[in-house]
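**Q** Protein chains in written order, with my numbering: chain P, 2 to 177; chain E, 7 to 162. C-beta atoms are modelled at their ideal positions from N, C-alpha and C, and glycine is treated no differently.
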């Protein structure tokens, strides 16, 4: 007997075949003893399984069973809240961006200060070179810090006072 | 379980890049052109007629006296404004005899060259200081004097 025939016979016993197919299988069983033997064996197995199906039942009533579960849940100790991490831990996430911002600010201020962007009054920021381009002309300079005025004063070479330095001075020369 | 990547390294890089760009970006700003005002001032102890000579305003005169210039009267002979291109030179003809040639240099520095009657007389090179007045001048006959007052009107 082919496996397809065995499956068809099993479907016939389970009532899963159409009427026409069921009639065909019934005719075939009537003429084939092997099919009859297999059908008898299958019927007996089905009967044995149906009569010995284990019954699993909870010993308590349904309400009592679920009430036990609820009591266990309710009696469980509450979860411990996380301890306070403290302000240092709370601010730790800001430390990296804040420190990087501070670094950038320091760099920017430093470069700006040393490149004259801020107009710092640092003396060496106002280094000045004055050059006489004529041999007959002498020049001297001074800066009035109080008035923020820088003066270059020229005069004929023979009129330059000997005590007048040819370098930068501050607030100590009267021009007239 | 895969751990999520922290955003801080990327954020830190962005902040550093922005800061670096800000700092480096000041270079082009420093190289901006200069807008200057130049005034040729005549100073004397003799009062000149008002209708022919324009007196310098009292506040400026007071500042001159505190420098200290000791002349009593200050007259504005000429006033010019102009823009000196970045890393460029611009001449300002203040009178027939006096020309000031301004050069914008790296640093930021400015070179002011006084040219008298077509001949270079003196050259001053200095750092720019915001709000600072620069004067180039000299004595004249009869105890009088003159100078060119150079002020920066602001960078463009």
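Taking the C-alpha atoms as reference points, what is the distance between residue 157 of chain P and residue 112 of chain E?
**A** Between residue 157 of chain P and residue 112 of chain E, the C-alpha separation is close to 32 Å.
**Q** Under 7 Å, do residue 83 of chain E and residue 105 of chain E count as touching if we go by C-beta distance?
**A** Not in contact: residue 83 of chain E and residue 105 of chain E (Cβ atoms no closer than 7 Å).
**Q** Please determine, among E/156, E/152, E/157, E/65, the residue with the shortest C-alpha to C-alpha distance to residue 51 of chain E.
**A** Checked all of E/156, E/152, E/157, E/65; the closest Cα to residue 51 of chain E is E/152.
**Q** In chain order, which beta strand (DSSP E) runs of at least 3 residues are fully inside the region 49-77 of chain E?
**A** Those beta strand (DSSP E) runs which fall completely within the region 49-77 of chain E and span 3+ residues do not exist here.
**Q** Are the C-beta of residue 155 of chain P and some C-beta of chain E separated by less than 7 Å?
**A** Closer than 7 Å: yes.
**Q** Closest to residue 88 of chain E by CA distance: which of E/80, E/99, E/79, E/81 is it?
**A** That would be E/99, whose Cα lies nearest to the Cα of residue 88 of chain E.
**Q** Could you list which residues in chain P have their beta carbon closer than 9 Å to that of residue 125 of chain E, in chain order?
**A** 134, 135, listed in chain order.
**Q** For residue 141 of chain P, which of E/48, E/130, E/124 has the nearest alpha-carbon?
**A** Answer by Cα proximity: E/130.
**Q** Could you name the residues of chain E that residue 131 of chain P contacts, counting a contact when the two beta carbons are closer than 9 Å?
**A** Within chain E, the residues near residue 131 of chain P are 128, 129, 130, 131, 132.
**Q** Return the Cβ separation of residue 43 of chain P and residue 8 of chain P in integer angstroms, given the expectation that the two are a contact with Cβ distance under 8 Å.
**A** Going by Cβ atoms, the distance from residue 43 of chain P to residue 8 of chain P rounds to 11 Å, so no, they are not a contact pair.
**Q** Using a cut-off of 8 Å between C-beta atoms, extract the partners of residue 73 of chain E located in chain P.
**A** Simply 145, 148, 150, 152, 176.
**Q** What residues from chain E crowd round residue 138 of chain P, counting only those whose CB sits closer than 8 Å?
**A** Within 8 Å Cβ-Cβ: 127, 128.
**Q** Of the residues that make up the region 137-150 of chain E, which ones have a beta carbon closer than 9 Å to any beta carbon in chain P?
**A** Taking 9 Å as the Cβ-Cβ cut-off against chain P, the residues of the region 137-150 of chain E that qualify are 137, 138, 139, 140, 141, 142, 143, 144, 145, 149.
**Q** Helix, strand or coil for residue 145 of chain E? Go by DSSP, reduced to three states.
**A** The answer is strand: DSSP assigns residue 145 of chain E an E or B state.
**Q** Have a look at residue 144 of chain P and residue 93 of chain P and give me their C-alpha separation to the nearest angstrom.
**A** Spanning the two alpha carbons is a distance of roughly 51 Å.
**Q** Where residue 21 of chain P and residue 46 of chain P are concerned, what is the direct C-alpha to C-alpha distance, given to the nearest angstrom?
**A** Going by the C-alpha atoms only, they are around 26 Å apart.
**Q** Name the two residues that bound the continuous beta strand (DSSP E) containing residue 14 of chain P.
**A** Here residue 14 of chain P belongs to no beta strand (DSSP E); instead the alpha helix (DSSP H) covers 4-14.
**Q** Residue 103 of chain E versus chain P: which residues are under 8 Å apart at the beta carbon?
**A** Simply none; closest approach about 13 Å.
**Q** In whole angstroms, what is the alpha-carbon distance linking residue 78 of chain P and residue 68 of chain P?
**A** Taking the straight line joining both Cα atoms gives about 18 Å.
**Q** At a cut-off of 6 Å, is residue 70 of chain E close to the ligand HEM when judged by its beta-carbon and the heavy atoms of the ligand?
**A** The ligand content of the structure shown is nil, which means the ligand HEM is not present either.
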